[in-house]
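Notes for the one structure printed next.
What follows is the structure in structure tokens.
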């Protein structure tokens, strides 16, 4: 029992130069990512499509004294998105946003995600919109709506596929997005919603990214 | 080049689809449901019209707040079942309230709300016919807007009657009445041994909130008034109340947008500006038929406000209804008696 516990650690100690690997940075090609999403609340329905590029990729391997290896993969994906949703009775909205998805995955491919986003939105009102001039004449504004800045953040959970189940599907995730629109009557308006996202690799379009690999060894008891 | 053409065509189709929603659809009948918007000074305000348009009468809700919602709050089961079968009801969400939207708007000011009300009436008549008879049904802060509108120029000619429910047409006087009612009623309850410790807290708080009133003291008095209402078992509670705002059945209503708009109002300078707003001195200009409704236990806008309107207005037709089991939200406390009084008043004066 005791020997079994010490054996892996003894192998490092006996020949450390063979077993301890140094941190490295390698330049790898990663495909451009196509990111279609389905957007919903109990009243809102919409869709979004984005093109993303992996800008940061970090892999951290932690070797424990027991011989177990723990791997964390961090990635940062910058995407440009075009979205549309319809909330009956409130507005239809087209949005152009940039988002920076920060994910942290374990060795089994499950990941958590935090995504700040920023962009512009143009709403269209769902009913006839009337304007009344000073003389009391009524006219219809056929493109009534508002341009606003939009920002916010999303929190999500997902699964990344190493052996892709079909075609080039890379991830499936669900996230809650709290979107902020500014200005609305000189203040902000909030809109929480849910997104179901998928990420597909466009293998014909490749970009380079530096992949940083770190190795850490636990010496503590 | 070809791709560019496809992109432009797609974008054009998308925009025409979106703007295609702006077609004017005007309903007639005894059970209509129309949603449209009125744009004024950058604010786009939803108006939901439901009910019996064949009656020739439109009852226009001027909701409370500021920052409340007619689409979310006033458009409840009672209005739907007790008022809409008789008359058409227009639920208007004011600027920075409910489902109103506006990205390029000036600072909030009471004068804008009054101007907006005029535009909403103009649009209602434009859509449904100049011969439609419009009755204002204002509540609380809506009473200030209605009074401001009706006492300006010849505006009162655009409407047929005014139903003033717990209307606060003089904020400063209202604060004095609230304080006096809280102290008087609270001390009475303490003397009778009713919920003594709770009433003592109300009285102690009210005693500290002395003139000259500020926005903060006014705010605290309203909080105290709300607290007092919770101590009175004689107030009837019916319907879904505030919880109804979460109902998915609400038409054209977004809870989070309403909350955001309430924030826009709360954090604006509007509440400071309206601290000394009053139309009491101008009330004699009004000659319209008037119905004042107030709850016996309304500490927020006490009965004294209704008494003042009844006394000062020049109308020959004026009635005061005091609902005996109601607080500030009397249309929800005693909906049957409330809407019966409203329907009767309109029937007598249309």
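Residue numbers (my numbering), protein chains in the order written: chain W, 126 to 346; chain G, 37 to 386. The beta-carbon is built from N, C-alpha and C at its ideal position, and this holds for glycine as well.
Please check if any C-beta of chain G sits within less than 9 Å of the C-beta of residue 194/W. no
Are the segment 341-359 of chain G and the segment 317-326 of chain G touching by the rule of at least three beta carbon pairs closer than 8 Å? yes
What does the alpha-carbon distance come out to for the pair residue 132/W and residue 192/W? Unreliable placement is indicated for residue 132/W, whose pLDDT of 40 sits below 50; no coordinate value is reported for it.
Note down, in chain order, every chain W residue with its Cβ under 8 Å from the Cβ of residue 391/G. With chain G covering only 37 through 386, there is no way to say anything about residue 391/G.
If you follow the beta strand (DSSP E) that residue 208/W is part of, which residue opens it and which one closes it? Counting along the chain, the unbroken beta strand (DSSP E) around residue 208/W starts and ends at 194-212.
What number of angstroms, rounded off, separates the C-alpha of residue 116/G from the C-alpha of residue 287/G? 12 Å
Please list, in chain order, the residues of the segment 127-143 of chain G that have any C-beta partner in chain W closer than 8 Å. 131, 132, 135, 136, 137, 138, 139, 140, 141, 143
Any residues in the segment 155-172 of chain G with a beta carbon nearer than 7 Å to a beta carbon of chain W? Which ones, in chain order? 155, 158, 159, 162
What whole-angstrom Cβ distance do residue 174/G and residue 182/G have, given they're in contact under 8 Å? 4 Å
When we look at the beta-carbon of residue 332/W and count the other beta-carbons within 10 Å, is it buried (16 or more) or exposed? exposed
If you compare alpha carbons, which of 223/G, 221/G, 383/G, 200/G is closest to residue 329/G? 200/G
Let's see if you can read the secondary structure: which residues bound the beta strand (DSSP E) around residue 341/W? 312-342
Mind checking whether residue 220/G and residue 271/G have CB atoms under 9 Å apart? no
Please report whether the beta-carbon of residue 82/G lies at a distance below 9 Å from any beta-carbon of chain W. yes
Unbroken alpha helix (DSSP H) run spanning residue 303/G, endpoints: Looking at the DSSP string, residue 303/G is not in any alpha helix (DSSP H), and its letter there is neither H nor E.
Whether residue 148/W touches residue 340/W by CB criterion (9 Å): yes
For residue 88/G, decide whether its Cβ has a neighbour in chain W, counting only Cβ atoms nearer than 9 Å. No - not a single Cβ of chain W is within 9 Å of the one on residue 88/G.
So residue 299/G contacts chain B; which residues on that side make the cut at Cβ distance below 8 Å? Note that chain B does not occur in the displayed structure, where the protein chains are W and G.
Interface flag, residue 293/G vs chain W, CB-CB below 9 Å: yes
Opposing strand residues paired with residue 71/G [DSSP bridges]: 84/G
Against residue 263/W, what residues of chain G qualify as contacts under a CB-to-CB distance less than 7 Å, listed in chain order? Within 7 Å Cβ-Cβ: 158, 159, 162.
Near residue 92/G, what residues of its chain come up, given a Cβ to Cβ distance below 8 Å and the 5 sequence neighbours on each side ignored? 167, 168, 169, 386
How close, in whole Å, do the beta carbons of residue 284/W and residue 275/W come, if the pair is a contact with beta carbons under 8 Å? Rounded, the Cβ-Cβ distance is 28 Å, inconsistent with contact.
Other residues of its chain near residue 370/G: CB distance less than 7 Å, five sequence neighbours each side excluded: 272, 359, 361, 362
Residue 345/G - DSSP class collapsed to helix/strand/coil: helix
Check whether the segment 116-135 of chain G and the segment 73-84 of chain G are in contact - that is, three or more C-beta pairs closer than 8 Å. The segment 116-135 of chain G vs the segment 73-84 of chain G: in contact.
Could you compute how far the alpha carbon of residue 205/G sits from the alpha carbon of residue 123/G? 26 Å
Are the C-beta of residue 287/G and some C-beta of chain W separated by less than 9 Å? yes
Proximity below 9 Å, CB of residue 171/G to CB of residue 382/G: yes
Can you say whether residue 152/W is buried or exposed, counting buried as having 16 or more other CB atoms within 10 angstroms of its CB? Answer is exposed; the Cβ neighbour count stays below 16.
Quick check: does the Cβ of residue 102/G come within less than 8 Å of any heavy atom belonging to the ligand ADP? As for the ligand ADP, it is missing from this structure, which has no ligand bound.
Extent of the continuous beta strand (DSSP E) run through residue 174/G: 169-175
On the DSSP bridge assignment, give the partners of residue 294/W in chain order. 325/W
Interface positions of the segment 156-181 of chain W facing chain G (Cβ-Cβ less than 8 Å), listed along the chain: Here the close residues are 167, 168.
Any C-beta of chain G sitting closer than 9 Å to the C-beta of residue 273/W? yes
Identify the residues that DSSP records as bridge partners of residue 203/G: which are they? Beta-bridge analysis with DSSP links residue 203/G to no other residue.
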